Structures are given as C-alpha cells and as structure tokens.
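**Student:** Take this structure first; my questions come after.
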Amino acid sequence: MAEIKLEHIKKTYPNTDIPAVADYNLEIHDKEFMVFVGPSGSGKSTVLRMIAGLEDITDGIFSIDGKIMNDVAPKDREIAMVFQNYALYPHMSVFDNIAYGLKLRKLPKKEINTRVHEAAAVLGIEQYLERKPADLSGGQRQRVAMGRAIVRDAKILLMDEPLSNLDAKLRVQMRAEIAKIHQRMGGTTIYVTHDQTEAMTLADRIVIIDNGDIQQVGTPSELYNQPKNTFVAGFIGSPSMNLLTVTYHDGIIENNSGFSVKLPEGIAKQLTNGGYDDKQIVFGIRPEDLHLDPIAVETYIGGKFNTTVEVSELLGADAMLYTKVGETEVVVRSKGSDFVDPGTQIEVAANLSKAHYFDAETTNRII
Amino acid sequence: MKNKKRRSRTLIYIVLTVLAIIWILPIIWIVLTSFRAEGGMFVDYFIPHHFTLDNYKTLFTNSTYPFGRWFMNTLVVAVVSAVLSTFITVVMAYSLSRLKFHWRGRFLQIALILNMFPGFMSMIAIYYILKAIGLTQSLLALILVYVAGAALGFYVQKGFFDTIPISLDESAMLDGATKWDIFRTITLPLSKPIIVYTTLMAFTGPWMDFIFARVIMGDNIQNYTVAIGLYTMMTRESANSLFMAFAAGSVLIAVPITILFIVLQRFFVEGVTSGAVKG
Amino acid sequence: MQKQGLTVLKALQVGDWRMKLSAVIMGSSQLLHGQVLKGIWFLAVEISFFTWFLMRGIKSLNYLLTLGTHKQGFVFDKKLGINILQQGDNSMLLLLFGIATILVVSIFLYQYWVNLKSARTLLEFDLNHSKVPNLKEDLAKLLDSKLHILLMSIPMIGVLAFTILPLIYMISIAFTNYDHNHLPPKNLFTWVGFENFGNVLSGDVAGTFFPLLGWTLVWAVMATATSFLFGVLLAMLINAKGIKGKKVYRTLFILTMAVPQFITLLIMNNLLNDSGMVNTMLMNWHLISHPIPFLTDGTLAKVTVIVVNMWIGIPATMLVTTGILQNLSQDQVEAAEIDGANKFQIFRDLTFPQILFVMAPSLIQQFIGNINNFNVIYLLTSGGPMNSNYYNAGDTDLLVTWLYKLTIDSADYNLASVIGILIFTLSAIFSLFAYKRVNKMSNLG
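Chains as they are written, first to last, in the working numbering: chain R, 1 to 367; chain F, 1001 to 1279; chain P, 2001 to 2445.
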C-alpha cells in the first residue's frame, strides 16, 4: 500500500525570500498514476524531489501510509526514480546498472539475475544487458533507466520528465509503453512533465501547477471540460483554448476589435446576477468548438461571427485556421477539406454550450 | 591555390622543426655531456671528443656525494608520499565536492586564502616544529611535510569530481547507497584518470623539490634527495670537476620521470587541461 | 510539523538539569543518556585540558606576551664559586609554544562547543520522545551523513599542524625584531608592533622593496603573457590543417615538460654563462668578440629570464590550448569564411577571443603563480646580478626569492615575514579583482 499525503508543504531555498512552493496540499491514492504538469520553473520537479528526499522540506508534513517521512533518508523511503537525464552509471554495464540497488541490498545472486532479466524483458532490452550506456541510443538508455526503477519493486515510482529528451516519434511510443507498464506493475506512480499531452494520456489524475501553486486537481476529462481558471483552460488541450477578453453587456459579449456574440438567455442571466454587467470577462472556446460548415452555422445561430483567415495549416484530416477578428486572434479547427486561402473572410459559429466564462480579474471560472 | 597552401604548409613545417630543435637541444646537450670524458664545466664545442661511462661510475662511487643512496632515499619518499598524498587529496576533494556540511563554503574560502601565502614562508616554522618533535634531517620529516601539503592541494581533483553529474549520486541514494557506498562504487571508478594524474604529480614532486628538502635536511648529506644532492654538487667548489657527473645524475633522474610522463601522457594531459579549462 | 530546531543557546535556557550540567561538566548529558563512549571522551577532554592549562598553559601564555626576559649570560653560582653559563629564555621557542597553546585552547573550546551541541541534540530527542541512537547507529552515520568527519579529520590535523600553526607563527614574527642581531638562544627578541612594516614600506628597506615589487609585477605580466601568446601560436601551428605528425610534435614538447625544472634551469644557467656554450659558440663563429653577459648584466638578465621562462611555459600553454582548439566548433569558422573573413581575421575575431575566454581563470592563476615563481629566477640567476643599492638582493630577484635570501642568508626572519605578508596581500588583491572580472565575463558569455 502506498498512500501519499502532502500537507501544507512549503519549500524555500536558502538566501531567497519567495518560496519555490508555497502551500502544497495533495492526497495521492494507492496505485494511482498521478501527473504533475506545469510550465518550466513551476515547482513540480521540486515537489517530486521533496517526495524522493533529495530536497529538504522547509515546512509541512509529508507522509506515506500515515507515517511521517519528512526526515527519512532517501534510501529508506522505498522509492524508485527515473531521472530526466537517466543518470545511468557510465562505467557499469546495463546489467550492473539495473542490478545496482539489488546488490546494495545484498540480495542473493540468483534472485538478482532473475529480476534483472524480467525487468529487461518487460522493456525489451534483454539483448543490451552486457553493453555500456555509452553504446546505447537515447531511447534504449531511457528504457534502462526505467528498468532500473521497476526492478526494485518499490512502493512508489517517481518519474521526472523521462521523455523530454526523446524525439517526437519515440515519445509517442514510450508513452504507450509507460502506460502498459503501469497497468502491469500497478504501483503508485508520480509523473512530472511539462507536456500536457503526456499528462492527458497517462494520468488517472492530474495536478496542474503554476508558480509553486496548485491550480487544479482532477481527472483529465475534468480538467479538459471544467477548467477552474484561465491558466488551466489555456494549458490543457492542444491547440489551446481561445481566451478572449470581452465586455459583457445585456446578453452580448464584445470587444473593441469587432468581435461580438450574443449569449443564450440562461448564461446571460447568470452573468447579470453575478454582477458582471458592463464588466470584463474572459470568454473561452476551444478551436474544435468553432465550426465552419453551414449546418453548424445554422444550428449555432447565436454564436455566429465573421473572421478573416491569416494562416491555414493543413494537418491531414484536420486543418487549423489562424484567424483574426480585427486585432483579436481566434483559432478554428476544421476538416481538412475546409482548407481556406489566407485573406478569406469566413463565417464561424461557436457551440456556446461548450463555452467557458472566467472572471477577468481573478481568472477564476464563473460558469 | 594549391601551391599557396603547400607553400604555407612547408613554412609551418620548417618553423615547427626549428622550434622542436630549440626545445630539445638543451636536453640533448646534457645527455651528451654526461658521456663526455674531457673538460670541465665549460667547453666550447657541442659534441664531446671522447665518450665514456666514467661519469656515471663516479656518481655511484663518490663517497662525498652518494648518488645511489640519494636515489633510494628519493624513491622511498616519492612512493610513500604518492600513496598517502593521493589518499588525502582524493578524500578531501570528495568531501568538499560532494558532501554537505555547513562549514564547507567557509573552509573553501579559508583554503583559498591559505594557498595564497608563499609556500615556504612557513618553512622555517615547520623546521622548528619538526625540531621540537625531534624529526629534523630525517626522511620521515620530508614525507610528513609533503603529505601535509597535499591536504590543501585538492583543487584539480575537486574540479573533476564537480563535473560528475549529481543525478548519479541521487539515483544511487534512492537505490539504497550510503555516501561511502557512492564514493566507493561510483565516484572513484569514474575518476581513474584524474587519480592517476594526482598520484603522478605526488610521485614526481619529491624528485624535483629542493626548497623544502634543503631546509629540512640541512647538512645531512646521507639523507639528501637527488634534487638537493645534485644542487649541492653543482654549487660547491667541486662544481667544475664534477660537472659531467652532475650531468649524468641529471640524466638518471630525468629519464625515469620522462618515461613515466610519456607512458601516462594521457592522464597528465587530462589533468592539466581539466584544471585549466574549468579554472 | 516543523523541525524542532533548538539553537544551543535556547537549549541552555529551556533545557533540563542534564543540559545545564553539561555546560559545566562536559560529557554529563551523554553519560546520563547512555552514550558512554562519547561521555567519557568529553569528560576526559575537559579534565586533561584543565590540568594541562593550569600547569603549563597559563605560563605559556604569559611568555607569549613577553617573549622571554632572561638573556643567556653568565651568572655567579655561589655553590660552585664560578660563573656558569645560564640558559636564557629562548624567544623563538616561547613564541612557538605560545601560539601552540592558543591553538590548543581553541581546539578545547571547539570540543566544548561540540559537547554542547551534542547535549542539545539529546535534549531534542527527549522533547520529541525519540530514541537516542546507540553507538552502532552513530558509527553508521560516519559512513553516510557524517562521512565528511571520517574522511577529513586526519587531513585536517595535518593542515592544522603543518600549515596553520606555522603560518600564524610566521605572521607573528613580522611583528617582532627577530633578525640577525637578535638570534636566540643567545639573544632575545620581542614585540615591536608595526615597526617592520614601516621599515619595509618607507624606511631603509623600502629602497629595495619597491624596485623589487615593480620588477616582480613586470616579470609576472611578461612571463604569463609571453607563455600564453606564443603557446597559443604554437598550438595553432601544430593544429593547422594538413600538418602531419601532430602527435609527434606534441609529444616532443611534452617531453620537455617532463624533465625536472631544476635540471633544465641549471642547464640553462650553464649554457648562458659568460663562458658557457652559447657565448663560446657565438665567439667561435666570430659573431661577437666579447661574451654577452646574459646573466650578469642587470637589464639583459631580466630579458634572459623572461626568454628562458618561455622555454618552460610554452609547452604547457600549448597543451591546454590544443584541447580548447579541438573543441572549438568548426561551424563558426566556416560561417566566417563564407562571410568573407581571412585566416588572420578569423583568428583575431573568433578563435583568440574564445581561447582567452576559456583560459581567463587559468591565466589569472598563472599570473599569481608567476609572482611567486621561485624556481626560474633562483636557479637561473640566483636573483643576481647583485645590486649594491639593494639590501641583500639582486637585479632579477623577485619578492619571493628575496624572502628566501632574507631567511637563509641573512637570517632577518622578521623582514622575511613582512615580505611574505605583503606578497600575500598582493596575491589576494589580484585574485579578488580577477575573479570579479571573470564572473562578469562569464555572465556575458
């Protein structure tokens, strides 16, 4: 069993005033695949390293299965970790790299042999066991790093941006492998990344972090469909959600660039009651919820507006249209067959039932 | 175009060859002189008229200047110092590079300052300290001084340790290693070249030092190292007649050290460049 | 739950009687908590220190202040009826032992502090109701979190005895009048404050100090600059495209580094002598009629020293530069060639600045090292030719070699110490200045 609890965790580096992590509260359930995602410098790696014991916890309580672990040495925490740069021991063979932890714990030679071969088989690196890390490709080294982590059968598995040094295709491949391994071995896993696609595809639950503060915790679909603030809304989803700063007045939202959309009654009422009349809000709509085809335009009459295409990207089955309403940028996703030349004006309809509304000042969700 | 390139290349070859000759000349000269049978300190020709091995024989048979004994002295001191010095330097460098303790920064600053004092300013004091313990004019004293000096000479070694990625240590820590395990199984194996460099430097030091050795040995000629021995030979009244013997002695020291350097060239180069480039 | 970080002072205030007792009887808290070995150690330290201090220590400190009052001399011994030579106070030993005493006291204070810290930790264990570690656990820590204590303790003793103690001793001598007129055991010497500094900086000796200081700086600059510049050029020549036998050339030059410096320098000394090989050859070829005084003319000697130093220093610079050159990206050079730069411009604008940048810290170290470059000067010219205007120094003497002469030849230990301190100040100033500069450079790079 490995339930992790982080209560009011704070981390301040010496000689600095502003904490890297201010007040982190989180519970991770047994066997959960939890992903910390956020931009560089957001503090996600710091929290991971505090869990591993590689950084001191300035304040707060960190416990595993109810036992307080703040001052326990890394080697006694039963945690395995995959490092971003793999941290393979260059002077040892792949076999010795994977076996290192087991050798330290003085396990019998036979058992070490079996376990190393098992882990290598799972990762498909059995034929490299006698080689040195310098003779392996990036992807192979990554697998060795993972092998070293899973062979320990530790209670908790930590991964610090393990895929960021791989090229795009390998990344997609390894993502699937990691998911498979988690399904098979099933321990509590904490995965840190700045790539929201990895987060969305791998996680049971996601923690979005910015500037040391947790923005939202939830399942991928929760974060995708009900982002709590503009940061989460803009971070999750690729390409990002369109976030337009507009003024609300009497059922209509508009800005001084020519963008104007009439809102459905129910929503208008909520905004008015919330006191947002004549106030600024942030209107969020994903590119895939903006439609070009005539049927959609007919259906979503209320959310209709005109916009001019600046750049057209054909991705195959889909196309991305980077358009502008006056000075306001709007990204629209459409079918590949709807490829439109730059400069063309098009009529776009927004599926307002999928729209999000945020308070412009606090950035928090209104509706 | 091709001719121009060939011309400039030939020019470079000429320059390099001339420079190489200039550099090697003094060394060739001293080797030739060690075999010279006639003359004294100054002759006006380059190649000896008569060749002989007598100069070498003189070294080992001259009782006032027992070269053979000096050679053994220096060898013993060099070997023992090398072993102890390497151990101390490596251990200090590792502690200061990898281990966290709250007075580490301050210690590095103090070490920096201590190293800025001219080396033998403390020589006289060390001499009297040794006198108080009764160790003057002994080889043991020499070893003690060289080894104690190694404690603050950790910079190159530390610089190298600093380049080993910390994530290796961290990964090992999570795997269950103590700091001592990490030192033993990861840091040391990765540092072989630099350790060889450190040992090489520690070994060759006693052969070449004549400042410290002179103060400590005083006039105990039997206990001299080759360095002060030869220096004394050269600077006494006997200088003129023993000049060729001095040359022979020089060759006898220079040859093994040079061979050592060439065989271990790779490590020497690594040590010099890593220390310099990282500053 | 925050770490219960008690400072020692706070622990003394809030602690129980065991903590407070530890302040007076060292080791008591440890013994009362079952840490027998630790407790006995601290107790033993306290007892032995105070015994020694009362019997010897106080006397030593007293002598330190006076540096002896009884001069060696004849005293009439009533019993024997003749004059006997009575041993006087030996100022030098008194100074030495006095300083050693201070060090011992410091070590004791340190152990006292460690004792209090350990008691404080035990107090924390009590407050948190944690188990006190037994001997086995404590020793295990030596291999892990306290590894630095295990590894560094013996070297530190060496440093203390052979570096720090002598250094403090020598610095103290700068404030005494321990010179050739005041040599123990026959004579006493005593404290004279800053008198020696005044002498060196503005008194009799200033006439030697400042010219030597000037030459030391000139020498350091020239030696470092020539070795660097020509080392770079040599490296570039060997590394040039299309040159075969690179390794052979490099090995040849490395060879010259392997020959011990003092042998090389004595050879050079011999070759450049008035009757040496160089002069006799030149005369035999009728290029000159009188020997050139390479080593015996004041100005010429200075040039000679710099030139000979190039022979010694260039191979090393060449080595390091080669490493840097090999790591330099060829892309830049190719881009510059396309942009229309010729070989010289590429060297001046791309290669050389980058080499300089990488080597800057090392150059600074070399410069400071050259200020203290004893071997080259002493072995080549013995600091000569002697200059009658100087006090015990020659034209090519550096401050370091002068220090040596003052110590060995004229036994003016106090002056030597002052010079040593001044050299240190010089090195420190340059180091500080240089590192600030280098940091600025590296932030731009």
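No residue lacks a Cβ here, since even glycine has one placed at the ideal position from N, Cα and C.
Since this is a predicted model, take the numbers as computed values, not measurements.
1) Hey, residue 1199 of chain F and residue 1082 of chain F: beta-carbon distance below 8 Å or not?
2) Please name the residue, chosen from R:185, R:186, R:192 and R:146, that lies closest to residue 174 of chain R on a Cα-to-Cα basis.
3) Find the residues of chain F that neighbour residue 101 of chain R, judging by a C-beta separation of less than 7 Å, and give them in chain order.
4) Buried or exposed: residue 160 of chain R, going by 16 or more other Cβ atoms within 10 Å of its Cβ?
5) Determine the direct distance from the alpha carbon of residue 20 of chain R to that of residue 155 of chain R, and round the result to whole angstroms.
6) If contacts are defined as beta-carbon pairs under 8 Å, then residue 2156 of chain P and residue 1095 of chain F qualify, I think. What distance do you get, rounded to the angstrom?
7) So residue 2261 of chain P contacts chain F; which residues on that side make the cut at Cβ distance below 9 Å?
8) So that I know if they touch, is there some Cβ in chain B lying closer than 8 Å to that of residue 28 of chain R?
9) So that I know if they touch, is there some Cβ in chain F lying closer than 8 Å to that of residue 248 of chain R?
10) Helix, strand or coil, according to DSSP, for residue 226 of chain R in the structure here?
11) Please return the same chain residues whose Cβ sits closer than 6 Å to the Cβ of residue 1085 of chain F, not counting the five positions on each side in sequence.
12) Scan the segment 69-150 of chain R and note each continuous alpha helix (DSSP H) run of 4 residues or more that stays entirely inside, going in chain order.
13) Between residue 79 of chain R and the rest of its own chain, which residues show a CB-CB distance below 8 Å, the 5 nearest in sequence each way excluded?
14) From F:1140, F:1234, F:1089 and F:1118, pick the residue whose C-alpha is nearest to that of residue 1191 of chain F; which is it?
15) When DSSP builds the beta bridges, which residues end up paired with residue 320 of chain R?
16) Find the nearest neighbour of residue 2056 of chain P within the set P:2101, P:2288 and P:2031, judged by alpha-carbon distance.
17) Are the CB atoms of residue 1023 of chain F and residue 2322 of chain P within a distance shorter than 8 Å?
18) What are the residues that DSSP puts in a beta bridge with residue 7 of chain R?
19) Nearest-angstrom Cα distance between residue 2002 of chain P and residue 1162 of chain F?
20) Distance check for residue 2400 of chain P and residue 1279 of chain F, CA to CA, integer angstroms please.
21) Have a look at residue 11 of chain R and residue 2033 of chain P and give me their C-alpha separation to the nearest angstrom.
22) Closest Cβ-Cβ distance between residue 2397 of chain P and chain F: below 8 Å?
23) In chain order, what are the residue ranges of uninterrupted alpha helix (DSSP H) at least 4 long that sit wholly in the segment 1137-1188 of chain F?
24) Is there a Cβ from chain F that is less than 8 Å from the Cβ of residue 105 of chain R?
25) Of all Cβ atoms in chain F, is any one closer than 8 Å to the Cβ of residue 371 of chain R?
26) For chain R, find out if any of its Cβ atoms is closer than 8 Å to the Cβ of residue 1186 of chain F; answer yes or no.
27) Just how far apart, CA to CA, sit residue 2023 of chain P and residue 1155 of chain F?
28) Run the CB neighbour count on residue 317 of chain R, radius 10 Å, all protein chains shown included, and call it buried at 16 or more, exposed below.
29) Using the beta-carbon of each residue, which ones in chain R are nearer than 7 Å to residue 1078 of chain F?
30) Go through its chain and collect everything with a Cβ distance to residue 2276 of chain P's Cβ below 7 Å, but skip five positions before and after it.
31) Pull up the CB-CB distance for residue 99 of chain R and residue 116 of chain R, whole angstroms please, since I reckon it's below 8 Å.
32) Quick one: what does DSSP say residue 2372 of chain P is sitting in, helix, strand or coil?
33) Taking Cβ-Cβ distances shorter than 9 Å, what residues in chain F pair up with residue 1979 of chain P?
34) Looking at the C-beta of residue 1004 of chain F, does it have a partner C-beta in chain P at a distance below 8 Å?
35) If the criterion is Cβ atoms closer than 8 Å, does the pair residue 1216 of chain F and residue 1127 of chain F meet it?
36) Could you tell me whether the segment 1237-1252 of chain F touches the segment 1040-1056 of chain F, where touching means 3 or more Cβ pairs closer than 8 Å?
**Tutor:** According to the structure data:
1) Result yes, Cβ atoms of residue 1199 of chain F and residue 1082 of chain F sit closer than 8 Å.
2) Distances from the CA of residue 174 of chain R to each of R:185, R:186, R:192 and R:146 were compared; the closest alpha carbon is that of R:146.
3) Ordered by position in chain F, the residues that pass the 7 Å Cβ test against residue 101 of chain R are 1175 and 1176.
4) Counting Cβ neighbours within 10 Å, residue 160 of chain R comes out buried, since at least 16 surround it.
5) If I take the Cα positions, the gap works out to 27 Å.
6) The Cβ separation is near 10 Å, so there is no contact.
7) Chain F residues near residue 2261 of chain P: 1208.
8) Among the protein chains in the structure shown, which are R, F and P, there is no chain B.
9) With 8 Å as the cut-off, residue 248 of chain R does not count as an interface residue toward chain F.
10) Residue 226 of chain R sits in coil when the DSSP states are folded into three classes, being neither helix nor strand.
11) Excluding positions up to five away in sequence, the list reads 1147, 1150 and 1202.
12) Listed in chain order, the complete alpha helix (DSSP H) runs (minimum 4 residues) inside the segment 69-150 of chain R are 94-104, 109-123 and 138-150.
13) Once the five neighbours on either side are set aside, the close Cβ partners of residue 79 of chain R are 51, 52, 53, 154, 155, 156, 157 and 158.
14) Of the candidates F:1140, F:1234, F:1089 and F:1118, the one whose C-alpha sits nearest the C-alpha of residue 1191 of chain F is F:1089.
15) Beta-bridge pairing links residue 320 of chain R to R:313 and R:333.
16) Ranking P:2101, P:2288 and P:2031 by Cα distance to residue 2056 of chain P puts P:2101 first.
17) No, the Cβ-Cβ distance between residue 2322 of chain P and residue 1023 of chain F is not below 8 Å.
18) Residue 7 of chain R pairs with R:61.
19) With a pLDDT of only 37 at residue 2002 of chain P, under the threshold of 50, the placement of this residue in the model should not be trusted; the figure read from the coordinates follows. Whole-angstrom Cα-Cα distance: 32 Å.
20) Legend: pLDDT at residue 1279 of chain F = 33, less than 50; position of this residue unreliable, value from coordinates given subsequently. Their Cα atoms are separated by approximately 24 Å.
21) Straight-line spacing of the CA atoms in residue 11 of chain R and residue 2033 of chain P works out to 34 Å.
22) So, not an interface residue.
23) Within the segment 1137-1188 of chain F, the complete alpha helix (DSSP H) runs of at least 4 residues are 1139-1150, 1155-1163, 1166-1175 and 1179-1182.
24) Answer yes: the Cβ-Cβ gap between residue 105 of chain R and chain F drops below 8 Å somewhere.
25) One cannot answer for residue 371 of chain R here, as it falls past the ends of chain R, which runs 1 to 367.
26) By this cut-off, residue 1186 of chain F is an interface position.
27) Residue 2023 of chain P and residue 1155 of chain F: Cα-Cα distance of roughly 39 Å.
28) Taking all protein chains shown into account, residue 317 of chain R has fewer than 16 neighbouring C-beta atoms within 10 Å of its C-beta and is therefore exposed.
29) Simply none; closest approach about 29 Å.
30) Taking residue 2276 of chain P as the centre and dropping the five residues before and after it, the same chain places the C-beta of 2270 closer than 7 Å to its C-beta, in chain order.
31) So it is a contact: roughly 5 Å between Cβ atoms.
32) In the three-state reduction of the DSSP assignment, residue 2372 of chain P falls in the coil class, being assigned neither a helical nor a strand state.
33) Residue 1979 of chain P lies beyond the residue range present for chain P, which begins at 2001 and ends at 2445; the question has no answer from this structure.
34) No Cβ of chain P is located within less than 8 Å of the beta carbon of residue 1004 of chain F.
35) Taking 8 Å as the Cβ cut-off, residue 1216 of chain F and residue 1127 of chain F qualify as a contacting pair.
36) Contact between the segment 1237-1252 of chain F and the segment 1040-1056 of chain F is present, with at least three C-beta pairs closer than 8 Å.
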